[in-house]
Amino acid sequence: RVKAGGRSGYQTFSPEMLAAARELDLEQALRAALARGEFELHYQPQIRAGRGAVGVEALLRWRRGGELHPPGPFIALAEDTGLIVPIGAWVLREACAQFAAWRADGLELERVAVNVSARQLGEPDFPEVVLGALRTAGLPPRCLELELTESAVVRDVPGATRQLAQLRALGVRVALDDFGTGQSSLSLLRRMPVDVLKIDRSFVASLEAEGESVAVIRVVIALAQTLGLDLIAEGVENARQWEALRDLGCPTAQGYFFAAPLPAAEVRAWLGRSQG
Ligand code: C2E
Ligand code: CA
Ligand code: CA
Ligand code: CA
């Protein structure tokens, strides 16, 4: 173990050096995790009022030494190091294969949504990676939705649009994640064709406390209706939020109120319970 103190006899390490060493450890651990198959996807149901679950969002997890880790602590490093490119390709293949298996099994879901980072979108072969995942799984493109954050696309809107054009023409849907939290939500919509807006959970969370959130959600809903876009509210945690959203005109949502992200093996049972 490294001693960070300055006592004689010990090598001293600056906080920066320690942080760098930890990052290197984590980077190597991420590489090994991909090679060893330690990543898995959990799936959070997306609910439409009066219909039940219509889709699922695939969310990355890392099973490490018996523990299951959410992506928050490692996704930024995966993006910085570029490891998100092979990890993201695995996510696309796995989500498409799982969804195809569910369809073959008779599950009546319309689509699976997959999160895509800026780094992946910037790869020249991104469209081929997506189409390859669909083809291998035997899944129609309309069954796949790609979730992109504003920050992932604003840096290169023409590039992102170009990368997505072929996929959208084939029926793949594009969702803007965390919508409303960026600096340029409105101008982005003018410059980039998308199919779905995901209302960020910060607006849903403050729905009851802050009149402002209601105003923002009203505007986003009006915008979606005018532009003919689908809408999904995220982070719905209780019945009051769900009722308020439906009253405002947003009939599709996901969140702990309905279900947390579930291991693939639990999705079928959850759907059976929620519909039966
Ligand atoms: P996100 O795309 O905005 O995903 C929603 C996050 O909110 C998920 O966290 C989900 O578990 C959590 N969540 C769902 N319902 C509720 C709720 O009712 N209340 C609250 N407080 N939270 C809720 P998670 O799974 O930890 O993922 C965090 C972020 O990591 C995601 O945010 C996404 O940006 C990123 N991410 C996850 N999987 C992938 C992936 O496969 N590829 C990439 N590039 N990013 C991913
Ligand atoms: Ca998402
Ligand atoms: Ca989100
Ligand atoms: Ca987010």
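Count along the sequence shown from 1, add 485, and you get the number used in UniProt numbering. A virtual CB, placed ideally from N, CA and C, is assigned to each residue, including glycine. Here the structure is a predicted model, which means the values were calculated and not measured.
DSSP-derived helix/strand/coil call for residue i
{"i": "T711", "result": "helix"}
{"i": "L692", "result": "coil"}
{"i": "A750", "result": "helix"}
{"i": "T646", "result": "helix"}
{"i": "Q726", "result": "helix"}
{"i": "E719", "result": "coil"}
{"i": "A514", "result": "helix"}
{"i": "G757", "result": "helix"}
{"i": "G551", "result": "coil"}
{"i": "Q651", "result": "helix"}
{"i": "F559", "result": "helix"}
{"i": "residue 480", "result": "The chain is shown from 486 up to 761; residue 480 falls before or after that span and cannot be answered."}
{"i": "A744", "result": "coil"}
{"i": "E525", "result": "strand"}
{"i": "P500", "result": "helix"}
{"i": "S669", "result": "coil"}
Residues of its chain near residue i, where Cβ-Cβ distance is below 6 Å and the 5 sequence neighbours each way are ignored
{"i": "D663", "result": "T634 and D685"}
{"i": "L692", "result": "S698, Q726 and A729"}
{"i": "L511", "result": "L562"}
{"i": "A618", "result": "L577, R578 and C581"}
{"i": "V601", "result": "L631 and L633"}
{"i": "S649", "result": "Note that residue 649 is Leu in the sequence shown here, rather than Ser. For L649, where only same-chain residues beyond five positions count, the Cβ hits under 6 Å are V659."}
{"i": "A745", "result": "none"}
Nonlocal neighbours in the same chain, by C-beta distance under 8 Å from residue i, ignoring five residues either side
{"i": "Q760", "result": "G537 and A538"}
{"i": "L655", "result": "L616 and P626"}
{"i": "V639", "result": "G667, Q668, S669 and L673"}
{"i": "G491", "result": "Note that G491 scores a pLDDT of 49, beneath 50, so its modelled location is shaky; the value from the coordinates is reported in the next line. The answer, listed in chain order, is T497."}
{"i": "T737", "result": "Q531, I532, R533, A534, V539, D715, L716, I717 and A718"}
{"i": "I572", "result": "L515, L519, F524, L545 and A563"}
Supposed contact pair residue j and residue i - C-beta distance, whole angstroms, cut 8 Å
{"i": "L594", "j": "W587", "result": "7 Å"}
{"i": "G667", "j": "S636", "result": "6 Å"}
{"i": "residue 467", "j": "G540", "result": "What the structure shows of the chain is the stretch from 486 to 761, and residue 467 is not part of that stretch, so it cannot be assessed."}
{"i": "P530", "j": "Q739", "result": "7 Å"}
{"i": "I706", "j": "G734", "result": "5 Å"}
{"i": "V689", "j": "V721", "result": "6 Å"}
{"i": "residue 771", "j": "I569", "result": "Any question about residue 771 goes unanswered here, given that the chain covers just 486 to 761."}
{"i": "G607", "j": "G644", "result": "7 Å"}
Nonlocal neighbours in the same chain, by C-beta distance under 7 Å from residue i, ignoring five residues either side
{"i": "W575", "result": "L519 and F524"}
{"i": "Q651", "result": "P612"}
{"i": "N723", "result": "F742"}
{"i": "L756", "result": "A538 and L592"}
{"i": "R547", "result": "The identity of residue 547 in the sequence shown is Trp, whereas the question assumes Arg. Contacts found: A518, E523, F524, H554 and F559."}
{"i": "A585", "result": "A622, G623 and L624"}
{"i": "L671", "result": "none"}
is_contact[residue i, chain E] using C-beta, thresh 8 Å
{"i": "Y741", "result": "This model lacks chain E altogether; it includes just one protein chain."}
Bridge partner(s) assigned by DSSP for residue i
{"i": "F664", "result": "I684"}
{"i": "P678", "result": "For P678, which the question treats as bridged, DSSP gives no partner whatsoever."}
{"i": "V639", "result": "Beta-bridge pairing links V639 to no other residue."}
{"i": "P530", "result": "V541"}
{"i": "residue 455", "result": "There is no way to answer for residue 455, as the model of the chain reaches only from 486 to 761."}
{"i": "R731", "result": "According to DSSP, R731 bridges with nothing at all."}
{"i": "T737", "result": "R533"}
{"i": "R546", "result": "E525"}
**Request:** Write down every uninterrupted run of the beta strand (DSSP E) in the region 566-623 whose length is 3 residues or greater and which is fully enclosed by it, in chain order.
**Result:** 596-600
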